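In the numbering used here, the protein residues as written are 823 to 1178.
If you want it as structure tokens, here you go:
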């Protein structure tokens, strides 16, 4: 039973190779791909344009596994969060953050995280392992199941965007992330536009220049500080890839990709939130000639964290100062606070419940 291959996460070429081994013609791969990724089927018996014999053969040799929903929470602001469990019992979180006419599914790429950022709840959980391409893709598939958004051919979807910024650092799991994005953007399946996928990184410099060439998605950088010293205090990765190197890598990415880069900036009281910090941030972008947009994030505090949220007045003053320099600096309100939607909180809660 355990030696069945899971088809979710295989590339088109790998799927075709599996079928060839079974003596099936190449065009079957396209049909099965569409059943999996366009229609969202989880049962081979429903793949009605395949012979009964082939459907049985597929069921005998392959699976179409989705992670199990352990916990599902719906916030008063319609943010929805899932704690998902994979076949080996490991759990991750996936969050859907809706806007009025669309919404983003925030997807995890690792179980835990090795980055150790001081403000991040997932950073307090050690890295267990990378997710496979199939485990990354299947998080979005679960969201489509829940919202019943399969095969809506051209119709308006609520699940319109993906952000690779859940648990984990995507660029530390580069090969699987690249493979997953290729599946998510394949025109005969889920068919999400590359423009609707954003990869968020804490700054693994060597991979940043490859993002455009390999997958062509948008880049968001977790910046959270306006100078090298401050960033090193809260983000250990900055000691390995300091701010000047990171900024140069962003500049190189932008030269290839065009458009703008989003910089995530968590507003931490008395640490990085003064008008002087905003001036320093604008000067940094000017120095490297980066076309930047800032996402100012209200901090969602969690037990045991050393930082406090900035006041609303201070966040608005910071945003205004950046706008005075010509940068878009929308304030992202903390979402799903009533359901512990800060990344990693639900997983920690479940683990402490299990222990007690």
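Ideal placement from N, C-alpha and C gives every residue a C-beta, glycine not left out.
Treat the numbers as computed from the prediction; the structure is a model and nothing was measured.
Per the Cβ contact rule, the stretch 1034–1044 is in contact with the stretch 1013–1024 (3 or more Cβ pairs under 8 Å). Across the set 925, 942, 935, 986, the C-alpha of 925 shows the shortest separation from the C-alpha of residue 969.
By the C-beta density criterion, residue 1028 is exposed, having fewer than 16 other C-beta atoms within 10 angstroms. Taking C-beta separations shorter than 6 Å and ignoring five residues to either side along the sequence, the partners of residue 1132 in its chain run 1089, 1091, 1095, following chain order.
By alpha-carbon distance to residue 903, the top candidate from 1078, 1144, 988 is 988.
When the alpha-carbon of residue 826 is set against those of 909, 980, 894, 1135, the nearest one is in 909. In the structure shown, residue 1089 falls within a strand segment according to DSSP collapsed to helix, strand and coil.
A residue is called buried once 16 or more other Cβ atoms fall within 10 Å of its Cβ, and residue 870, having fewer, is exposed. Unbroken beta strand (DSSP E) runs of no fewer than 3 residues, entirely contained in the stretch 964–1021, are found at 983–986, following chain order. About 6 Å separates the CB atoms of residue 986 and residue 1022; that is less than 8 Å, so the two are in contact. The Cβ neighbour count for residue 1142, taken over all protein chains shown within 10 Å, is under 16; the residue is labelled exposed.
Contact annotation: the stretch 840–848 touches the stretch 874–884, with at least three C-beta pairs closer than 8 Å. Following the DSSP letters along the chain, one finds residue 892 inside the beta strand (DSSP E) bounded by residues 890–896. Between residue 901 and the set 913, 918, 844, the nearest pair of CA atoms involves 918. The alpha helix (DSSP H) runs of length 4 or more contained entirely in the stretch 1061–1138 are, from start to end of the chain, 1065–1079, 1097–1109. Distance from the Cα of residue 1008 is smallest, within the candidate group 967, 959, 964, for 959.
Take residue 867, set aside five residues on each side of it, and the residues of its chain with a beta-carbon closer than 8 Å to its own are 877, 881, in chain order.
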